[in-house]
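Asker: Numbering-wise, the sequence shown is residues 585 to 923 according to my numbering.
A virtual CB, placed ideally from N, CA and C, is assigned to each residue, including glycine.
Computed from a predicted structure; not experimentally measured.
After the structure tokens below, expect a handful of questions from me.
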Amino acid sequence: MALPVLSSSGVKFRRVLAHFPQELSLAFAYGSGVFRQVGASAGHGEDNMLDFVFAVDDSVTWHMMNLLKNRSHYSFLKVFGPKQISSIQSRGAGIYYNTLVPCNGRMIKYGVISTDTLIDDLLHWKTLYVAGRLQKPVKILTQNENSKLQAALVSNLKSAVTAAFLMLPESFSEEDLYMQIAGLSYSGDFRMVIGEDRSKVQNIVKPNVPHFQKLYSNILQDCPQVVYKHHLGRLEASIDKSPEGQFTQLMALPRTLQQKITSLVDPPGKNRDVEEILLQVAHDPDCGFVVHQGISGIVRSSSIVQSAKTILTAGAKKSVTYSMKKLYKMTKGWLRKTS
Numbered sequence: 585m586a587l588p589v590l591s592s593s594g595v596k597f598r599r600v601l602a603h604f605p606q607e608l609s610l611a612f613a614y615g616s617g618v619f620r621q622v623g624a625s626a627g628h629g630e631d632n633m634l635d636f637v638f639a640v641d642d643s644v645t646w647h648m649m650n651l652l653k654n655r656s657h658y659s660f661l662k663v664f665g666p667k668q669i670s671s672i673q674s675r676g677a678g679i680y681y682n683t684l685v686p687c688n689g690r691m692i693k694y695g696v697i698s699t700d701t702l703i704d705d706l707l708h709w710k711t712l713y714v715a716g717r718l719q720k721p722v723k724i725l726t727q728n729e730n731s732k733l734q735a736a737l738v739s740n741l742k743s744a745v746t747a748a749f750l751m752l753p754e755s756f757s758e759e760d761l762y763m764q765i766a767g768l769s770y771s772g773d774f775r776m777v778i779g780e781d782r783s784k785v786q787n788i789v790k791p792n793v794p795h796f797q798k799l800y801s802n803i804l805q806d807c808p809q810v811v812y813k814h815h816l817g818r819l820e821a822s823i824d825k826s827p828e829g830q831f832t833q834l835m836a837l838p839r840t841l842q843q844k845i846t847s848l849v850d851p852p853g854k855n856r857d858v859e860e861i862l863l864q865v866a867h868d869p870d871c872g873f874v875v876h877q878g879i880s881g882i883v884r885s886s887s888i889v890q891s892a893k894t895i896l897t898a899g900a901k902k903s904v905t906y907s908m909k910k911l912y913k914m915t916k917g918w919l920r921k922t923s
């Protein structure tokens with residue numbers, strides 16, 4: 585099952601793709617330049633930077649081709665060539681961003697990630713950096729027939745639902761569920777303190793509930809703990825909060841999150857196996873909080889390293905400009921909230 589392609593993928597996004605090497609296993613657009621957010625005007629997307637992610641099978645070859653086509657997109661790192669660029673890409677979250685790039689009359693930012701790194705993140709939540717973006721609505725622009733990638737995309741959505749169930753109370757609304765899912769990849773991200781609108785998750789979810797429904801409806805319909813009334817566009821959930829129910833959900837979480845939870849709970853030197861520790865967590869009244877702490881640990885590490893990489897990949901001038909734009913958006917959101 586392929587990730588749902590949202591309707592009206594847009595000619596303007598496909599025109600952007602025409603400027604790049606076409607050897608892409610997956611390309612998608614995301615963010616406020618694509619989907620309306622709370623507080624945005626009717627022409628919300630026209631002034632916002634367009635954000636893209638390109639997954640490629642061979643990063644060195646793709647960067648070599650892109651340097652021939654779009655050398656000006658790169659910072660000073662271009663002088664070191666595609667192998668060094670790919671080496672820097674592999675650090676942290678495994679993605680290399682070129683930002684504040686003029687294209688077709690708009691500013692764009694695009695990240696390049698290897699297909700294998702993306703699949704690893706989707707399945708195991710190694711960094712939750714790109715996997716987190718794909719837990720929210722995106723516009724899929726191209727997607728090849730890589731069955732392993734398609735399966736990983738769906739697995740990521742299922743894992744997001746499982747983690748959200750563990751952190752939510754026994755009963756909750758559909759919007760509560762999407763708020764919890766959308767917030768996963770922001771947990772522990774230091775940029776939510778400096779550089780992002782603190783109402784970002786709410787701003788993403790409220791205007792885009794139909795897009796979240798499209799993304800998660802098949803998974804929720806197959807979930808025995810949820811009565812999903814598709815014709816009414818709402819769900820009724822009653823989650824099993826017994827130790828047995830929580831243990832089943834904990835065992836279904838991605839590997840890296842299980843390891844993070846283990847390191848939080850298991851005292852140094854004990855070296856108990858993961859199953860034993862997760863059984864202990866399942867009996868803990870604060871089980872949901874422990875899961876949240878584990879996710880925060882994953883996101884915190886990747887967001888710090890990725891932000892540090894930005895200074896290299898964007899260059900000093902673009903880094904300052906990009907940071908100032910983020911601070912402006914954060915301040916604007918705070919003023920909107922207090923007015």
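Exposed or buried, L750, counting other C-beta atoms within 10 Å across all chains shown (16 or more means buried)?
Answerer: By the neighbour-count rule (16 or more Cβ atoms within 10 Å), L750 is buried.
Asker: Need the endpoints of the alpha helix (DSSP H) that K723 sits in, please.
Answerer: From DSSP, K723 is part of no alpha helix (DSSP H) but of the beta strand (DSSP E) over K723 to Q727.
Asker: G829 to L896, Cα distance in whole Å?
Answerer: Going from the Cα of G829 to the Cα of L896 covers about 46 Å.
Asker: Could you check where the beta strand (DSSP E) with A639 kicks off and where it finishes?
Answerer: From DSSP, the beta strand (DSSP E) with A639 extends over L634 to V640.
Asker: Given a cut-off of 8 Å, decide if F756 and A836 are closer than it, judged by their beta-carbon atoms.
Answerer: No, the Cβ-Cβ distance between A836 and F756 is not below 8 Å.
Asker: Within 10 angstroms of its Cβ, does F664 collect 16 or more other Cβ (buried), or is it exposed?
Answerer: F664 is exposed by the Cβ-count criterion.
Asker: Going by CA-CA distance only, name the one from V874, S670, Q719 and Q621 that's closest to V640.
Answerer: Out of V874, S670, Q719 and Q621, S670 has the C-alpha closest to the C-alpha of V640.
Asker: May I ask you to verify whether the stretch 702-713 touches the stretch 838-852, counting CB pairs closer than 8 Å and requiring at least 3?
Answerer: These segments touch.
Asker: Looking at C-beta atoms only, is the number of pairs between the stretch 728-745 and the stretch 694-704 that lie closer than 8 Å three or more?
Answerer: The answer is yes - the stretch 694-704 touches the stretch 728-745, with three or more Cβ pairs under 8 Å.
Asker: Where do the N-terminal and C-terminal ends of the beta strand (DSSP E) with H697 fall, by residue?
Answerer: Note on residue identity: the sequence assigns Ile, not His, to residue 697. From DSSP, the beta strand (DSSP E) with I697 extends over R690 to S698.
Asker: In the structure shown, what three-state DSSP assignment does T846 receive?
Answerer: T846: helix per DSSP, three-state reduction.
Asker: I need the straight-line Cα distance from N802 to F796, nearest angstrom please.
Answerer: Computed Cα separation, rounded: 11 Å.
Asker: Starting from Y762, trace the alpha helix (DSSP H) in both directions and tell me its first and last residue.
Answerer: Segment E758 to G767, the alpha helix (DSSP H) holding Y762.
Asker: DSSP on F619, reduced to helix/strand/coil?
Answerer: Residue state, collapsed to three classes: coil.
Asker: Check for me: the alpha helix (DSSP H) holding F831 runs from which residue to which?
Answerer: From DSSP, the alpha helix (DSSP H) with F831 extends over P827 to M835.
Asker: Which stretch, first to last residue, makes up the beta strand (DSSP E) that contains L610?
Answerer: Start and end: L610 to Y614.
Asker: Based on Cα-Cα distance, which residue from I823, C871 and E607 lies nearest to E754?
Answerer: Looking at the Cα atoms, I823 is the closest of the given residues.
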